[in-house]
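Engineer: Chains U and F, in that order, are what the protein sequence lines are.
Residue numbers for the first sequence follow the numbering used here, beginning at 19 and rising by one.
Residue numbers for the second sequence follow the numbering used here, beginning at 19 and rising by one.
Glycine residues also receive a C-beta, built at the ideal position from the N, C-alpha and C atoms.
Predicted model, so just to flag it, every value in this text is computed and none were measured.
Below you will find the structure I want to go over with you.
2 protein chains.
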Amino acid sequence: MISSEYTRELLAEGRDTKILLVVVDGLGGLPDPRSGKSELDTARLPNLDALAASGSCGLIWPLGPGFTPGSGPAHLALFGYDPWKHQIGRGALSAMGLGLDFRAGDVAARLNFCTVDDQGRVRDRRAGRIPTEKGRQLCEKLAAIRIPGIEVSIAPEMEYRAAVVFRGEGLEDEVSDSDPQVTGVPPHPLEARRQGSARTVEVADAFLTQARQVLRGEEPANMVLIRGFGRYPVLPQMGEIYGLKALAVAGYPMYRGVASAVGMDTVETDWHLDQELAVLRTRWAEYDFVYLHVKKTDSAGEDGDFARKVELLEEVDQFVPRFLELKPEVFILTGDHSTPSVMRSHSWHPVPLVLQSPWAMADGLPGFAERHCRAGSLGMLPSTAVMALALAHARRLEKFGA
Amino acid sequence: MISSEYTRELLAEGRDTKILLVVVDGLGGLPDPRSGKSELDTARLPNLDALAASGSCGLIWPLGPGFTPGSGPAHLALFGYDPWKHQIGRGALSAMGLGLDFRAGDVAARLNFCTVDDQGRVRDRRAGRIPTEKGRQLCEKLAAIRIPGIEVSIAPEMEYRAAVVFRGEGLEDEVSDSDPQVTGVPPHPLEARRQGSARTVEVADAFLTQARQVLRGEEPANMVLIRGFGRYPVLPQMGEIYGLKALAVAGYPMYRGVASAVGMDTVETDWHLDQELAVLRTRWAEYDFVYLHVKKTDSAGEDGDFARKVELLEEVDQFVPRFLELKPEVFILTGDHSTPSVMRSHSWHPVPLVLQSPWAMADGLPGFAERHCRAGSLGMLPSTAVMALALAHARRLEKFGA
Chain U
19 MISSEYTREL
29 LAEGRDTKIL
39 LVVVDGLGGL
49 PDPRSGKSEL
59 DTARLPNLDA
69 LAASGSCGLI
79 WPLGPGFTPG
89 SGPAHLALFG
99 YDPWKHQIGR
109 GALSAMGLGL
119 DFRAGDVAAR
129 LNFCTVDDQG
139 RVRDRRAGRI
149 PTEKGRQLCE
159 KLAAIRIPGI
169 EVSIAPEMEY
179 RAAVVFRGEG
189 LEDEVSDSDP
199 QVTGVPPHPL
209 EARRQGSART
219 VEVADAFLTQ
229 ARQVLRGEEP
239 ANMVLIRGFG
249 RYPVLPQMGE
259 IYGLKALAVA
269 GYPMYRGVAS
279 AVGMDTVETD
289 WHLDQELAVL
299 RTRWAEYDFV
309 YLHVKKTDSA
319 GEDGDFARKV
329 ELLEEVDQFV
339 PRFLELKPEV
349 FILTGDHSTP
359 SVMRSHSWHP
369 VPLVLQSPWA
379 MADGLPGFAE
389 RHCRAGSLGM
399 LPSTAVMALA
409 LAHARRLEKF
419 GA
Chain F
19 MISSEYTREL
29 LAEGRDTKIL
39 LVVVDGLGGL
49 PDPRSGKSEL
59 DTARLPNLDA
69 LAASGSCGLI
79 WPLGPGFTPG
89 SGPAHLALFG
99 YDPWKHQIGR
109 GALSAMGLGL
119 DFRAGDVAAR
129 LNFCTVDDQG
139 RVRDRRAGRI
149 PTEKGRQLCE
159 KLAAIRIPGI
169 EVSIAPEMEY
179 RAAVVFRGEG
189 LEDEVSDSDP
199 QVTGVPPHPL
209 EARRQGSART
219 VEVADAFLTQ
229 ARQVLRGEEP
239 ANMVLIRGFG
249 RYPVLPQMGE
259 IYGLKALAVA
269 GYPMYRGVAS
279 AVGMDTVETD
289 WHLDQELAVL
299 RTRWAEYDFV
309 YLHVKKTDSA
319 GEDGDFARKV
329 ELLEEVDQFV
339 PRFLELKPEV
349 FILTGDHSTP
359 SVMRSHSWHP
369 VPLVLQSPWA
379 MADGLPGFAE
389 RHCRAGSLGM
399 LPSTAVMALA
409 LAHARRLEKF
419 GA
């Protein structure tokens with residue numbers, strides 16, 4: 019396992035087989051104490067249950083036992099990158115996902131529209147969760163900001179969120195957040211955590227000063243908080259290390275961001291599954307590898323809505339035959355991490371995985387759920403092992419050694 | 019898994035949840051060929067069986083497949099320290115466990131009182147297993163030893179065992195043992211395995227020469243063997259890396275030694291379970307983490323006494339409800355290593371583990387034994403993963419990455 023990251027390059031072998039990786043965000047769960055059954059236990063999943071019998075199953079650890087991942091590291095691991103070694107700032111992920119022109123040397127950060135009072139104290143860190151359309155209009159206003167020697171690009175994300183990219187000489191990303199995380203106090207002053215980041219603090223301070231002027235009089239979003247400074251990540255590209263032409267079909271920008279960072283093409287789409295399926299069908303012929311992301315299951319888990327997560331899992335199940343109609347040589351359905359509804363958060367628990375291919379062991383499991391997958395033929399694996407299994411079952415990895 | 023040791027520091031998050039880790043020494047076993055059942059299979063364990071249904075189970079590898087650990091590395095691994103990287107000399111462990119004044123720069127070693135004949139050949143490496151009280155008296159005699167420029171401290175351990183600490187300039191610990199491991203030959207001369215340890219050889223030789231004089235005429239313990247030279251270990255402290263105020267409740271000195279080396283408070287106690295429980299109850303409110311050690315199961319395994327080990331496991335089981343009465347957020351019962359009675363020794367076999375917490379998957383296993391635990395939701399893990407799981411279930415680890 020240890021050296022797989024370094025040997026992939028040698029082993030990737032050109033083929034025309036196709037791999038479809040469906041990542042159901044927050045897939046894994048925990049039992050509802052009343053029923054003793056997890057979300058997957060509870061859901062009716064005839065198609066996934068059939069795969070658990072005809073395919074290979076296992077459980078994957080995103081970061082290893084005990085460690086709860088954010089979405090960035092959880093996806094990097096699934097794509098085969100050591101998530102402890104390759105760390106991407108959240109601002110950088112957002113900028114990439116929003117399609118901002120973002121290149122080596124640039125620094126990105128996340129913006130939250132917020133509400134401040136007359137003394138400049140934060141009253142609402144999310145400006146009453148303004149609608150996405152309002153956020154878009156405010157970003158257009160912020161586009162008027164000018165900083166000498168710096169190009170500034172801004173793009174709206176969902177609701178009160180946005181991202182900014184600064185381009186210019188001498189920008190590094192070791193800068194603290196202005197978001198104080200609580201209300202009733204002014205935003206934190208930005209601080210360079212290393213000497214080389216002093217210029218970024220200057221630039222971001224100029225940006226915040228002008229943003230305050232531009233947004234004066236807006237209600238409720240009369241200021242921005244800035245956080246998650248990050249440079250453009252330099253990661254090995256999937257085309258080179260795996261020999262795969264890869265596409266990401268993900269409605270939510272951040273997931274396109276991480277996919278783009280590892281060299282996948284991305285396509286803008288809605289995050290509804292039928293929309294994502296439509297895009298997948300249209301582009302399928304062009305690619306060797308498609309990653310398709312299902313967001314809403316995670317949101318239901320984070321809301322603590324067990325019943326809603328069950329419903330959404332049942333919806334995913336209904337899409338499985340439509341995915342299989344495309345006849346990928348390798349079909350994998352798994353999650354980036356668990357999001358048990360009873361915890362209302364991401365968790366460290368290992369995530370169910372099912373893999374269907376002509377070369378998969380038919381595990382004959384009675385269903386697709388945590389308790390069954392742990393008895394599957396793939397056992398318990400680090401998430402970083404998934405890509406090697408995908409390539410192997412696609413017959414895209416050469417024999418190692420004579 | 020690989021980098022978890024280095025990221026813990028960043029992720030440990032303060033909470034007031036409590037963790038109780040019960041380590042049943044030599045817990046794992048092997049089937050008695052006559053019954054086909056292991057010690058755990060054979061024992062009546064109603065309380066542990068209930069936990070195997072309501073909690074999460076797995077099997078842990080102390081050092082990885084095939085490697086049999088001593089108690090030191092086995093415990094370091096359980097406490098989350100890479101046992102291959104952090105090695106503590108046995109003498110160092112003993113010295114710490116005995117409460118000797120032992121600091122950075124000092125070198126400790128273990129002493130065995132032994133019997134030598136007129137020609138100085140070892141006749142009994144354990145001096146007929148003299149009683150602990152006799153050992154204590156002989157240590158008082160050895161306290162008369164004087165070595166110029168060196169402070170010598172000596173403390174008795176159980177029976178024929180003792181430990182010595184040398185303090186002075188230029189002491190290193192790469193010194194071979196004098197214990198020849200067999201009888202009928204003289205003790206081995208001490209040898210410096212590296213240049214820097216020559217001074218320690220000089221000092222220890224002076225000690226042995228004087229010990230021979232001091233003990234002349236004693237019967238049967240007329241000499242000492244010296245072994246396990248070790249410097250004071252410098253290890254990351256649990257308070258810093260995990261944010262835990264930790265206590266060790268362990269009757270046997272060596273286990274207090276390793277606990278002390280990783281920064282736990284220790285308390286002197288008898289090694290009977292009811293005594294340890296009494297101490298645990300008294301001190302529970304003060305600590306975030308308590309490690310409680312059960313010694314006798316290992317001794318029964320090493321004696322090859324299958325029936326006795328079964329009895330002792332049943333006794334441990336009876337204590338489980340009393341442990342749970344303290345209402346730890348996380349309760350873990352496992353072993354440092356296996357000690358199969360049929361092998362009469364420590365072994366490499368993976369060790370059963372059960373974890374109870376509100377965030378544990380309910381595995382629904384039919385019982386607590388090797389054969390059941392391997393089907394548990396934690397799968398097979400390195401022992402070094404246990405602390406991360408404990409912290410995670412106590413909600414003491416932050417999410418990693420955005």
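1. Could you spell out where the alpha helix (DSSP H) holding residue 259 of chain U opens and where it closes?
2. Can you tell me which of F:73, F:366 and F:266 puts its alpha carbon nearest to the alpha carbon of residue 357 of chain F?
3. Tell me whether residue 21 of chain F sits in a helix, a strand or coil according to DSSP, three-state version.
4. In three-state terms, what does DSSP make of residue 87 of chain U?
5. Spell out the partners DSSP gives residue 179 of chain U in its beta bridges.
6. Let's test the definition: count the other Cβ atoms within 10 Å of the Cβ of residue 282 of chain U and tell me whether it reaches 16, buried, or not, exposed.
7. Closer than 7 Å, Cβ to Cβ, to anything on chain U: give me those residues from the stretch 399-417 of chain F, in chain order.
8. Taking contact to mean 3 or more Cβ pairs, one atom from each stretch, closer than 8 Å, check whether the stretch 74-82 of chain U and the stretch 368-380 of chain U are in contact.
9. Where does residue 367 of chain U fall in DSSP's three states?
10. Roughly how many angstroms separate the alpha carbons of residue 20 of chain U and residue 333 of chain F, rounded to a whole number?
11. Tell me whether the beta-carbon of residue 125 of chain F lies closer than 7 Å to the beta-carbon of residue 218 of chain F.
12. Taking only beta carbons into account, state which residues of the stretch 368-384 of chain F come closer than 9 Å to chain U, listed in chain order.
13. So, with DSSP's three-state summary, where would you put residue 42 of chain F?
14. Is residue 72 of chain F close to chain C, meaning its C-beta is less than 7 Å from at least one C-beta of that chain?
15. Residue 89 of chain F: which of F:42, F:327 and F:339 sits nearest, CA to CA?
16. Let me know the secondary structure DSSP gives residue 59 of chain U once reduced to three states.
17. In chain U, which residues lie with their C-beta within 9 Å of the C-beta of residue 173 of chain F?
18. If you measure beta-carbon to beta-carbon, which residues of the stretch 74-91 of chain F are closer than 7 Å to chain U?
19. Might you give, ordered along the chain, the residues of its own chain that have their beta carbon closer than 7 Å to the beta carbon of residue 413 of chain F, omitting 5 neighbours on each side?
20. Report all residues from its chain with a CB closer than 8 Å to the CB of residue 211 of chain F; omit the five preceding and five following residues, and keep chain order.
21. Would you mind telling me which residues of chain U sit closer than 8 Å to residue 393 of chain F, beta carbon to beta carbon, in chain order?
22. Report the three-state DSSP secondary structure of residue 299 of chain U (helix, strand or coil).
23. Give a yes or no on whether the minimum CB-CB distance between residue 24 of chain U and chain F is below 7 Å.
24. Would residue 320 of chain U count as contacting chain F if we go by Cβ distances under 7 Å?
25. If you compare alpha carbons, which of U:327, U:336, U:384 and U:402 is closest to residue 49 of chain U?
26. Mind pulling the chain F residues with CB within less than 9 Å of residue 104 of chain U?
27. According to a CB-to-CB cut-off of less than 9 Å, which residues of the stretch 261-293 of chain F neighbour chain U?
28. Spatial neighbours of residue 143 of chain U within its chain, please: CB distance less than 7 Å, with the 5 preceding and 5 following residues excluded, ordered by chain position.
29. Measuring alpha carbon to alpha carbon, tell me which residue in U:361, U:277 and U:271 is nearest residue 286 of chain U.
30. Does DSSP put residue 97 of chain F in a helix, in a strand, or in coil?
31. Looking at the structure shown, is residue 50 of chain F part of a helix, part of a strand, or coil, going by DSSP?
32. Considering just the uninterrupted stretch of the beta strand (DSSP E) at residue 245 of chain F, what are its terminal residues?
33. Taking contact to mean 3 or more Cβ pairs, one atom from each stretch, closer than 8 Å, check whether the stretch 396-412 of chain F and the stretch 347-362 of chain F are in contact.
34. Any idea which residues DSSP pairs residue 174 of chain U with across the strands?
35. From residue 153 of chain F to residue 337 of chain F, what distance separates their C-alpha atoms?
36. Could you pull out every residue in the same chain whose Cβ sits closer than 8 Å to the Cβ of residue 340 of chain F, ignoring the five residues on either side in sequence?
Structural biologist: Checking against the coordinates, here is how it stands:
1. 256-260
2. Considering only alpha carbons, the answer is F:366.
3. Caution applies to residue 21 of chain F, whose pLDDT of 38 falls short of 50 and renders its modelled position unreliable; the model cannot decide the point.
4. Strand, per DSSP.
5. U:130
6. buried
7. 399, 403, 406, 407, 409, 410, 415 and 417
8. Output reads yes: the stretch 368-380 of chain U touches the stretch 74-82 of chain U.
9. Looking at residue 367 of chain U - three-state DSSP - the assignment turns out to be coil, as it is neither helix nor strand.
10. The predicted position of residue 20 of chain U is uncertain, since its pLDDT is 33 and thus under 50; a value taken from the coordinates is nonetheless stated next. Their backbone Cα atoms lie some 42 Å apart in a straight line.
11. yes
12. 376, 377, 378, 379, 380, 381 and 382
13. strand
14. Absent here is chain C; the protein component of the structure consists of chains U and F.
15. F:42
16. helix
17. Chain U residues near residue 173 of chain F: none, gap ~38 Å exceeds 9 Å.
18. none
19. 33 and 35
20. Residues of the same chain with a CB within less than 8 Å of the CB of residue 211 of chain F, apart from the 5 flanking positions on each side, are 192, 193 and 194 in chain order.
21. 392 and 393
22. helix
23. Only weak support is given to the placement of residue 24 of chain U: the predicted model assigns it a pLDDT of 47, under 50, and the value that follows is read from those uncertain coordinates. False, the Cβ-Cβ gap to chain F never drops below 7 Å.
24. no
25. U:327
26. Under the 9 Å cutoff, chain F gives no residues; its nearest Cβ is about 10 Å from residue 104 of chain U.
27. none
28. 130, 132, 197, 201 and 243
29. Taking only the C-alpha atoms, the option nearest residue 286 of chain U is U:271.
30. coil
31. strand
32. 241-249
33. The count of Cβ pairs closer than 8 Å, one atom from the stretch 396-412 of chain F and one from the stretch 347-362 of chain F, reaches three, so the stretches are in contact.
34. U:180
35. 33 Å
36. Taking C-beta separations shorter than 8 Å and ignoring five residues to either side along the sequence, the partners of residue 340 of chain F in its chain run 295, following chain order.
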